[in-house]
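Novice:
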Amino acid sequence: MAQTTFEEISAADFFYRNRDIAGFTNPSRAIFVAVRELVENSLDAAESHRIPPDVYVRLSYEGEASKDTQIYKLRVEDNGIGVPPRHVPSAFGQILFGSKYKLKQQRGTFGLGGKMAILYGQITTHQPATIISSTGISKTYIYKLMIDIQKNRPLIIDRKVLINKDMWRGTIVEFTLEGDYFRAMPKILDYFKQTAMVNPYANLTFVDPKGRLYKFTRITKEMPEPPKETLPHPYGVDVELLQRLIQITQYRNMNEFLRYHFHRVGEITARKFLEFSNISPSKNPKKLSHEEIVRLMHMLKRYREFLPPDASCLSPLGEDLLRAGILKELKPEFVAVHQRKPATYAGHPFVIEAGIAYGGEIPKKGAFLVYRFANRIPLLYDEANDVSLRVITAMNWRRYKVMPDMPVAILVHICSTKVPYKTVGKEFIADRPEVRREIANGLREVARQIQHFMSKREHVDRERKRLGVFSKYLPKIAQFSMQLAGKEKPPDVEKLLASVKKYGEEEA
Amino acid sequence: MMERRKEVLKSLQNLGGRFYDQMDKGNFPSIDMPSRSTDNIMYDEQLRQFILGERRVKRSARNIRHVKPFTQLVWGALFSNELSSQRKTSTLRDVYYSAQAYEMTFKDQQESNNIITDLETILGFSREDFSIFPEERSAVFGDLTIEYTVPGYEGKTLDLTSHPDGVLIGPALTSSEFVKTSADKVIAIEKGGLFTRFIEENVHRKFNSILVLTAGQAPRATRHFIRRLNEELNLPVFVFTDGDPWGMHIAMVIISGSANAAHLRELNTPDAKWSGVWATDIVNYKLPTDPLDEMDMKRLYELQKDPRYKDPLWRREIKTFMKIKKKAEQEAFSRYGLTYIVDEYLPTKLEETK
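Protein chains in written order, with my numbering: chain X, 411 to 918; chain G, 1300 to 1653.
1) In angstroms with no decimal places, state the Cα-to-Cα distance between G/Tyr-1644 and G/Leu-1586.
2) Measure the CB-CB distance between G/Arg-1426 and G/Leu-1391 and report whether it falls below 9 Å.
3) Look up X/Val-437 in the DSSP assignment and say whether it is helix, strand or coil.
4) Using the beta-carbon of each residue, which ones in chain G are nearer than 7 Å to X/Phe-880?
5) May I have the straight-line CA-CA distance separating X/Met-411 from X/Asp-618, to the nearest angstrom?
6) With 9 Å set as the bound, which would you pick, yes or no: does the beta-carbon of X/Met-607 sit closer than that to a beta-carbon of chain G?
7) Does the CB of G/Pro-1611 have a neighbour CB from chain X at under 9 Å?
8) Does any residue of chain G have a CB that is nearer than 9 Å to the CB of X/Val-903?
9) So which residues on chain X does G/Val-1394 lean against when the C-beta distance must stay under 9 Å?
10) In the DSSP assignment, the beta strand (DSSP E) including X/Ser-470 goes from what residue to what residue?
11) Within the same chain, show all residues whose beta-carbon is closer than 6 Å to that of X/Ile-559, passing over the 5 residues directly before and after it, in chain order.
12) Answer with buried or exposed for X/Thr-435, where buried requires no fewer than 16 other C-beta atoms within 10 angstroms of its C-beta.
13) Name the one or two DSSP bridge partners that X/Met-595 has.
14) Can you give me the Cβ contacts of G/Phe-1494 inside the same chain, cut-off strictly under 8 Å, excluding the 5 residues immediately before and after it?
15) Does the beta carbon of G/Asp-1323 come closer than 9 Å to any beta carbon on chain X?
16) Between which two residues does the beta strand (DSSP E) containing G/Tyr-1452 stretch?
17) Taking the Cβ atom as the reference point for each residue, do X/Ile-787 and X/Arg-446 lie within a distance shorter than 9 Å?
18) Are the CB atoms of G/Tyr-1401 and X/Phe-783 nearer to each other than 9 Å?
19) Indicate whether at least one CB of chain X lies closer than 9 Å to the CB of G/Pro-1463.
20) If I'm right that X/Glu-837 touches X/Asp-792 with Cβ under 8 Å, what's the distance once you round it to whole angstroms?
21) Which residues, in order along the segment 1303-1318 of chain G, keep a beta-carbon less than 9 Å from a beta-carbon of chain X?
22) The segment 861-885 of chain X: which residues have C-beta closer than 7 Å to a C-beta of chain G, in chain order?
23) Quick check on this structure: which residue in X/Ile-598, X/Glu-632 and X/Asp-590 has the alpha carbon closest to the alpha carbon of X/Pro-610?
24) Mind checking the segment 1365-1389 of chain G against chain X and listing, in chain order, the residues whose C-beta falls within less than 8 Å of any C-beta there?
25) Let me confirm a value: G/Met-1594 is counted as buried when at least 16 other C-beta atoms fall within 10 Å, else exposed. Which label applies?
26) Less than 7 Å between C-beta atoms, sequence neighbours within five positions excluded: which residues of the same chain meet that for G/Phe-1318?
27) Could you give the uninterrupted runs of the beta strand (DSSP E) lying entirely in the segment 572-638 of chain X, keeping only those of 3 residues or more?
28) Mapping DSSP to helix, strand and coil, what is G/Glu-1531?
29) In chain order, what are the residue ranges of uninterrupted alpha helix (DSSP H) at least 4 long that sit wholly in the segment 641-704 of chain X?
30) Please report the straight-line C-alpha distance between X/Arg-674 and X/Ile-542, rounded to a whole angstrom.
31) Answer yes if the segment 568-581 of chain X comes into contact with the segment 478-493 of chain X, meaning at least three C-beta pairs across the two stretches below 8 Å, and no otherwise.
32) Have a look at G/Glu-1565, G/Trp-1573 and G/Ile-1421 and flag the residue whose alpha-carbon is nearest the alpha-carbon of G/Thr-1521.
33) In chain order, what residues of the same chain lie with their CB nearer than 6 Å to the CB of X/Gly-676, ignoring the 5 residues before and after it?
34) Terminal residues of the continuous beta strand (DSSP E) containing G/Asp-1592?
35) Rounded to the nearest angstrom, what separates X/Ala-440 and X/Asp-600 at their Cα positions?
36) Since X/Leu-907 meets chain G, which of its residues come closer than 7 Å, beta carbon to beta carbon?
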């Protein structure tokens, strides 16, 4: 048997070597991802305590890096809950694998927050990151940090404590990184616009390297219900998760293990399930062999009696906020939104929200504008492969009086504890039948609403045209007849016009 | 001719008066007229031409789809009235452009043509009566003296042999009076080349005839002119065309009129004769030929079903064309020398179709 040597590497080292996975594939993508990760952290920091977020982002030019790339300084400020001083070094200077034993809808695509961005900045520019934070107490802490990549530990370069007279609360992250802003610019601006669309309660400010200011102002302080943490549902577990749970559990028998670590499992359900799968209720979970764990996973998936997960762990935007966001950012003539009831795929709950908007400032492109969101994050890449696009393409829009050459925007938002991304890039949603069906139903509902609007508009339009035709031609007929008959003055057509109008209103 | 002009003016003004009164009484102006749809066009054995049936259509300014064409119709009437009272003439193309001065637009030439046809149908006069003429291209040559009635030429006479290219059959000639002729027949010819040959060969003198160039399918003014020659001067009419289905039909339209003009009378000459080139001539004279193509054959099948083609002569010729699958132009006789057609063919055929 061949000998294989395993080299243990630190988490930071792992991401250093595999930064493509986190999205830092090239200088333009890297700068986009860095902005996105930090903005999302900031939004989460405010939202988790129902604070309407104020996020300020500034990119400033620091110098040339190479022919195609430049050095930028990225600064992101928020009014979130702040980071307690003792947590600052590890929160920003140590990369941890996520240890999720509880689930709720989260923004971060990796649970790594901005740490990857900071790491990327350090790799490319060898400069420390500055973190300023206060939880709203009388002191503000300023740290200058670097990451020891091999040991995966924060190196504190400098630390200062300031008096926080104004009781400011929030976090400021500032670091330098290499990137290609001008190539990334369209995506970054799209990102802000679309983020503003699904976060209408947030103030977003962005100052770009040329000093241009982009401001997205909140129109409401209403915020969606924050998600509750929930246990994993039995249908959604894998061997890895089971092993981790077994490692940390304090329960010494299977019945309690199931009841206290899984969603929708009570005493009776646990008992029945153990009977069904022929496992002794008194068995100590820590004594399960690897084969038994694999079998447990299969049995969990096979047992039909578990209730579907509830959706309290999800935080969809809600129809009112979605409508407000679309109206604010797209300024359409018409908008329709719809929130589907929660559904599940493979044990993971999800909610689809759909919207459609027409006219106003929406541009005509010759194709529908499609906005895709997952857990309130805009998805900006790989549109063509997304299940939403497949659903949209498969729909018979003519039936709904909507054509691709009209100024129409379509929005699909999926909220889930586990968004079914297709690839590691996490930019588009996989074509799962349950998800596809929900998207299709959501879109059909908003399509019906726009059809209604279109019919009414068509009618009003037709009526206006109709009246236009009569008021254009009747006076001419009067004029020509008068001349032809050799009369002095034209006959009065006002009465005829009025009768046409009355007739028109009856029709409407 | 003057009487007819007054009648036309009167009917145009009456039409305006009718609409004026309707509107003055608070009603939407409307008019009804015979339908010109194909199922209302039928062949009248007695008149020996197409006529419109009983079905009528109503045009009303109350109807959203009618209001624009209705306005165009009233404008058309007004425009014709102005032309006729000022004794000016115009063409269909003119109508199309003149409308723009009145902020009346026609989508295309076809739309404005349709309006003029509506006016013809309503009033029972043809567009030439409204002083609207087609583009002229046909001509006449022969011993006929006419007297003009157009302004500036009233009373002036012209001998139609005075120009060796022939005289254009335009508004002035159409509205002229016939004064005298020594001719005893009319020969209508499809093509300009042969018309010129006939003049050069003195056909008008040798055969005592008035020569009319139809230049392809004869315009209405020319068809009306031929009818007048036949009716007013009592001259028999002989039509010479190419030996193909299209030439055959040029003769037929002169004789029996067209479906397009089913709403009009006095455009056809029922007693005119088609003298050639027949399919049987192609065989008998061993003319150089071209094969009939797909379009030609299709046309023959159509003609076979046409009620105008029921006489034995026509049926025989259609059959012969179908059998030999060949066609010949009038110029084909040149294979026997340039004068052969005048010296040999023409006298034979005139005699044969007398």
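Each residue gets a CB set at the ideal place from its N, CA and C atoms; glycine is no exception.
Specialist: Taking the structure as given:
1) 12 Å
2) Using a Cβ distance threshold of 9 Å, G/Arg-1426 and G/Leu-1391 count as a contacting pair.
3) Strictly speaking, residue 437 of chain X in this sequence is Pro, with Val absent from that position. In the structure shown, X/Pro-437 sits in a helix (DSSP, three-state: H, G or I).
4) Val-1366
5) Residue placement at X/Met-411 cannot be trusted, given a pLDDT of 43 that sits under 50; the coordinates are not used to answer.
6) No, because no Cβ of chain G sits closer than 9 Å to the Cβ of X/Met-607.
7) no
8) yes
9) Chain X residues near G/Val-1394: none, gap ~14 Å exceeds 9 Å.
10) 464-474
11) The beta carbon of X/Ile-559 sits closer than 6 Å to those of Ala-422, Asp-423 and Tyr-426, all from its chain and outside the five residues before and after it, given in chain order.
12) X/Thr-435 comes out exposed.
13) Its beta-bridge partners do not exist; DSSP assigns none.
14) Result list for G/Phe-1494: Ala-1438, Phe-1440, Gly-1465, Ile-1488, Leu-1510 and Leu-1512, in chain order.
15) yes
16) Element bounds for G/Tyr-1452: n/a, residue is neither H nor E.
17) yes
18) no
19) no
20) Rounded, the Cβ-Cβ distance is 5 Å, consistent with contact.
21) From the segment 1303-1318 of chain G, only Leu-1311, Gln-1312, Asn-1313, Leu-1314, Gly-1315, Gly-1316, Arg-1317 and Phe-1318 have a Cβ closer than 9 Å to chain X.
22) Arg-876, Val-879, Phe-880, Tyr-883 and Leu-884
23) X/Glu-632
24) Val-1366, Lys-1367, Phe-1369, Thr-1370, Val-1373, Trp-1374, Ala-1376, Leu-1377 and Asn-1380
25) exposed
26) Pro-1328 and Val-1373
27) 579-589, 613-617 and 623-626
28) helix
29) DSSP runs (the alpha helix (DSSP H)) wholly in the segment 641-704 of chain X: 649-658, 664-671 and 677-686.
30) Whole-angstrom Cα-Cα distance: 42 Å.
31) yes
32) G/Glu-1565
33) none
34) Taken as a continuous stretch (DSSP letters only), G/Asp-1592 belongs to no beta strand (DSSP E), as it is neither H nor E.
35) 16 Å
36) What X/Leu-907 touches in chain G: nothing, since even the nearest Cβ is about 11 Å away.
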